[in-house]
Structures are given as C-alpha cells and as structure tokens.
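In our numbering, the protein residues as written are 3 to 381. The next block holds one structure in the form of structure tokens; read it before the comments.
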Ligand code: NAD
Ligand code: GLY
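Structure representation (structure tokens):
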C-alpha cells in the first residue's frame with residue numbers, strides 16, 4: 003500500500019453551509035456533506051435537500067430516544083408525512099442479528115417503501131446497524147447519520163462502513179453503504195457520559211499519529227479543554243478529524259490500501275474487545291490501549307524510537323484511556339487477531355507508524371507480537 007502523505011492538509015473542500023461548517027466526502031461516485039455545529043437538530047437547514055419520501059424512520063436506542071428523539075422527530079415531521087421511531091436495546095452486545103431484525107420488522111410492519119429515509123440517531127452501534135439495515139432493506143434505501151457520541155461524530159458516521167458483530171469476530175457481517183448526509187450536532191454531546199467522551203477521544207487522538215503530527219500537538223495542548231468539553235476545542239477536534247477521515251475515504255473508499263491506516267490500534271483493540279466479551283471494554287478504550295501496543299510494535303520493528311511510545315503512552319494516560327492491556331496471554335491474542343479483516347493468507351497485518359503523522363500496514367513475526375502483548379499487560 004502507499005504510505006500516508008506526511009500531513010493531510012485541511013480539506014480544500016471544507017466549506018461553510020449557512021451557519022454550519024461543512025466537510026465534503028467525495029468517493030468519486032458518492033458525495034455528501036458532514037455538517038458540524040451546535041443546535042443543528044433544531045436548524046431546518048440541516049434537513050433540507052434530503053431525498054423526498056412519504057416516510058422517515060428514526061433508528062435509535064432506549065438510552066438516546068428519551069434524550070434526543072423528540073427533537074429530531076419534530077424537525078422531520080415538517081418534511082415527511084409519517085415519522086416513526088424504532089428503539090433498539092443499548093449496547094455493543096446488541097450489535098447483532100436480533101437487533102438488526104427489529105429494524106426490518108419495524109420497516110415491513112410500517113409499510114415502508116424503497117424511498118423511506120432512515121435516520122441513525124446515536125453512537126457507532128446505532129449508526130453501524132441503521133446503515134447496514136438501510137443498505138439491505140429493499141436492496142437499499144437512503145439514510146442519514148445523526149451521530150450523538152464523540153466517537154461517532156469523528157469516525158463511525160463518516161465513510162460508509164456498516165456492520166454487525168458475529169460471535170467469532172467484530173464487525174464481520176456488513177456492507178459499505180454511504181449516508182446521504184452526516185449531521186454532527188455538538189449539543190448532543192452535552193448528555194454523553196464522561197467515560198464515553200474519553201472513549202471518543204481515542205479516535206480523535208488516532209488521526210494525529212496516522213496522518214497529522216500538527217494535529218497531534220494540538221490535541222496534546224488542548225487535551226484539558228477537550229476533557230472539559232470546551233465548545234471551541236470540541237468543534238475543532240470534530241472538524242479536523244472529519245477532514246482527515248473524508249480525505250482518506252475519498253482516496254480509498256473500499257479499503258484497498260490507504261484506508262487501513264484508520265484502523266491504527268484496532269487489531270489489538272478488537273482482540274481486547276472480543277477477548278474480554280463485547281461491552282466490557284468500550285470500543286474507544288480498546289482502541290486507545292491498542293494504539294499504545296501498535297506504537298510499541300512500530301518501535302520493535304525499528305520504525306520509530308522508544309520516545310514515540312512514551313509520548314503516545316503519556317497522551318493516552320492523560321486522556322484517561324487504559325494503557326495496560328488485559329493479560330489474555332499471547333496465544334489468545336494471536337488467535338483473536340488471526341480473524342482480523344486485514345489478515346491475508348492467515349498472516350495478521352498491523353497498522354504501524356513510520357513516524358508521527360505517517361502510518362503503513364506491515365506483517366510482524368509472532369515473537370514480536372507476543373512481546374508487545376505480554377509487556378502491555380505489565381505497564
Ligand atoms: P455506542 O454506540 O455504544 O454509544 C455509547 C453509549 O453512549 C451507549 O450506551 C449509547 O446509548 C450512549 N449514548 C450515545 N449518545 C449519547 C448521548 N448523546 N447522551 C447520552 N448517552 C449517549 O458506542 P460508540 O463509541 O459511539 O461506537 C462504538 C461502535 O462504533 C462500535 O461498535 C464500533 O465497532 C463502531 N465503529 C464503527 C466505525 C465505522 O467506521 N463504521 C468506526 C469506529 C467505530
Ligand atoms: N474506522 C475505520 C474506517 O472507517 O475505516
């Protein structure tokens with residue numbers, strides 16, 4: 003694969019859409035915008051120009067519905083003749099067939115036709131499942147991402163990866179299916195528990211080491227403001243993260259090469275999530291710990307100095323993310339990572355750093371990986 007450019011420059015396609023700054027995702031055959039700002043749920047401009055249909059369906063969960071669904075419902079009621087809501091059970095452990103089927107049951111019982119627009123109101127779990135349902139229902143209906151977690155605003159709502167988990171692996175069953183629009187209302191983060199905000203910061207931090215060393219420095223400088231939910235700091239973090247993700251997805255929508263860098267920390271992280279049982283560690287927590295392990299692997303491969311591992315360790319720890327990995331044992335980690343989607347002919351491949359701001363995909367000998375996971379359980 004080709005390496006990531008030294009720094010992905012702020013997107014030239016970033017434009018202003020009314021009051022809401024807007025980042026464009028352009029895959030060559032799909033183009034949509036990500037609108038970022040406070041109060042967008044209540045702004046009619048957020049919903050104008052979307053596909054017309056008789057029905058809109060809000061897909062959300064039992065936690066988010068009482069907090070935010072009425073606002074979205076009120077906004078959509080002026081546009082669609084019938085707006086209904088399907089509430090899924092909350093949790094990564096429900097990112098599965100029965101919950102997905104609840105969406106299909108709702109759509110079929112409600113007589114939804116192939117123009118019905120789905121609105122994914124929630125975090126990455128709701129977004130991934132609503133997107134998957136939209137991609138399958140009647141062979142594809144439009145959907146809009148309305149992410150309500152930091153993680154979803156900076157990562158999962160953008161780029162069209164949709165999936166459910168399988169007992170044998172995370173996100174193993176899914177589709178690439180792009181949304182018609184992404185609306186990041188920063189006000190929805192007001193109700194987000196702090197642990198979830200911190201988990202989302204892991205995916206923000208990720209963009210620094212893989213693509214933008216300047217952004218990494220900015221995160222280090224503004225970490226306290228981010229943790230304190232400073233509006234300006236959050237807006238910049240969401241916007242710069244979306245710019246980088248849009249740039250990567252625009253170059254490589256189907257993960258033929260470059261897009262794999264977005265999985266920095268995820269090979270170790272997915273093993274932690276699956277090994278501990280889905281839901282025990284938050285996805286962002288596992289990715290945070292996994293990024294430290296992937297940086298350590300980069301150092302053991304001789305790509306970056308030990309100081310880079312220390313720098314990532316300090317930042318993740320300051321953010322409140324776990325840096326000590328669960329002691330599952332090297333054999334179990336290797337078994338779990340063997341199912342990673344980046345594996346080729348049985349060989350696991352890792353996103354590693356060549357420098358801060360530049361990532362590549364490499365295979366690594368089992369002995370090095372065993373050293374990483376064993377040491378990570380002792381830090
Ligand atoms: P999540 O969807 O489980 O949300 C976290 C928790 O916060 C849930 O309990 C949810 O109900 C609650 N919540 C959401 N918004 C809230 C709000 N505004 N106020 C109060 N509570 C709120 O977790 P997540 O971290 O958003 O997403 C993780 C998922 O995203 C994982 O399944 C992961 O695989 C997936 N993911 C997908 C991609 C992608 O490209 N598609 C990228 C990264 C992660
Ligand atoms: N979160 C990884 C990706 O979107 O490719």
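All C-beta atoms in this analysis are idealised placements derived from N, C-alpha and C, irrespective of residue type, glycine included. For clarity, every value in this text was computed on a predicted model and none was experimentally measured.
| Item | Value |
| --- | --- |
| Whole beta strand (DSSP E) runs in the stretch 181-241 with 3 or more residues, listed along the chain? | 183-187 |
| Given a threshold of 16 other Cβ atoms within 10 Å of its Cβ, counted over all protein chains shown, does residue 8 qualify as buried or as exposed? | Reliability of the predicted coordinates at residue 8 is poor, the pLDDT of 29 falling under 50, and no value is obtained from them. |
| Could you work out which residue in 31, 189, 128 is closest to residue 40 when comparing CA atoms only? | 189 |
| State buried or exposed for residue 14, treating a residue as buried only when at least 16 other CB atoms are found within 10 Å of its CB. | Since pLDDT at residue 14 reaches only 35, below the 50 mark, its modelled position is unreliable, and the value read off the structure follows with that caveat. Exposed, by the Cβ-count rule. |
| Could you tell me whether the stretch 176-190 touches the stretch 46-55, using the rule of 3 or more Cβ pairs below 8 Å? | yes |
| Got a sec: does the ligand ATP put a non-hydrogen atom nearer than 7 Å to the Cβ of residue 91? | Absence of the ligand ATP from the depicted structure is noted, with the ligand NAD and the ligand GLY being the only ligands included. |
| Tell me the DSSP secondary structure of residue 165 in three-state form. | strand |
| Shorter than 7 Å, the distance from the beta carbon of residue 341 to the closest heavy atom of the ligand GLY, or not? | no |
| Sorry if obvious, but does the Cβ on residue 284 come closer than 7 Å to a heavy atom of the ligand GLY? | no |
| Tell me residue 289's beta-bridge partners as DSSP assigns them. | Answer by DSSP bridge pairing: none, since residue 289 is not bridged. |
| With respect to 7 Å, is the separation between the Cβ of residue 261 and the closest non-hydrogen atom of the ligand GLY below this value? | yes |
| Rounded to whole angstroms, what is the Cα-Cα separation between residue 221 and residue 84? | 43 Å |
| Just the C-alpha distance for residue 29 and residue 161, rounded to the nearest angstrom, thanks. | 9 Å |
| Please list, in chain order, all residues of the same chain as residue 173 whose beta carbon is under 6 Å from its beta carbon, the five residues on each side excluded. | 165 |
| Regarding residue 150 and the ligand NAD, is the C-beta to nearest heavy atom distance less than 7 Å? | yes |
| Please tell me whether residue 156 and residue 205 are closer than 8 Å, where the distance is taken between their beta carbons. | yes |
| Skipping 5 residues on each side, what residues in its chain have a beta carbon closer than 8 Å to that of residue 369? | none |
| Just the Cα atoms here: how many angstroms apart are residue 71 and residue 120? | 13 Å |
| Return the chain-ordered list of same chain residues with a C-beta closer than 8 Å to the C-beta of residue 19, the five sequence neighbours on each side being excluded. | At residue 19 the pLDDT is 43, less than 50, meaning the model places this residue with poor confidence; the figure from the coordinates comes in the next sentence. If we look at residue 19 and ignore the five residues flanking it on each side, its Cβ neighbours are 35, 37, 47. |
| What three-state label does DSSP hand residue 54 in the structure shown? | coil |
| Taking 6 Å as the limit between beta carbons, can you name the residues of its chain near residue 261, skipping five residues before and five after? | 250, 254 |
| Hey, how far is the Cα of residue 362 from the Cα of residue 245? | 20 Å |
| Taking 8 Å as the CB-CB limit, is residue 231 close to chain B? | Reference to chain B is not applicable here, since this structure consists of a single protein chain. |
| Between the stretch 277-289 and the stretch 326-346, can you find at least three pairs of beta-carbon atoms closer than 8 Å? | yes |
| Please indicate yes or no: does the CB of residue 265 lie closer than 7 Å to some heavy atom of the ligand GLY? | yes |
| Got a sec: does the ligand GLY put a non-hydrogen atom nearer than 7 Å to the Cβ of residue 257? | yes |
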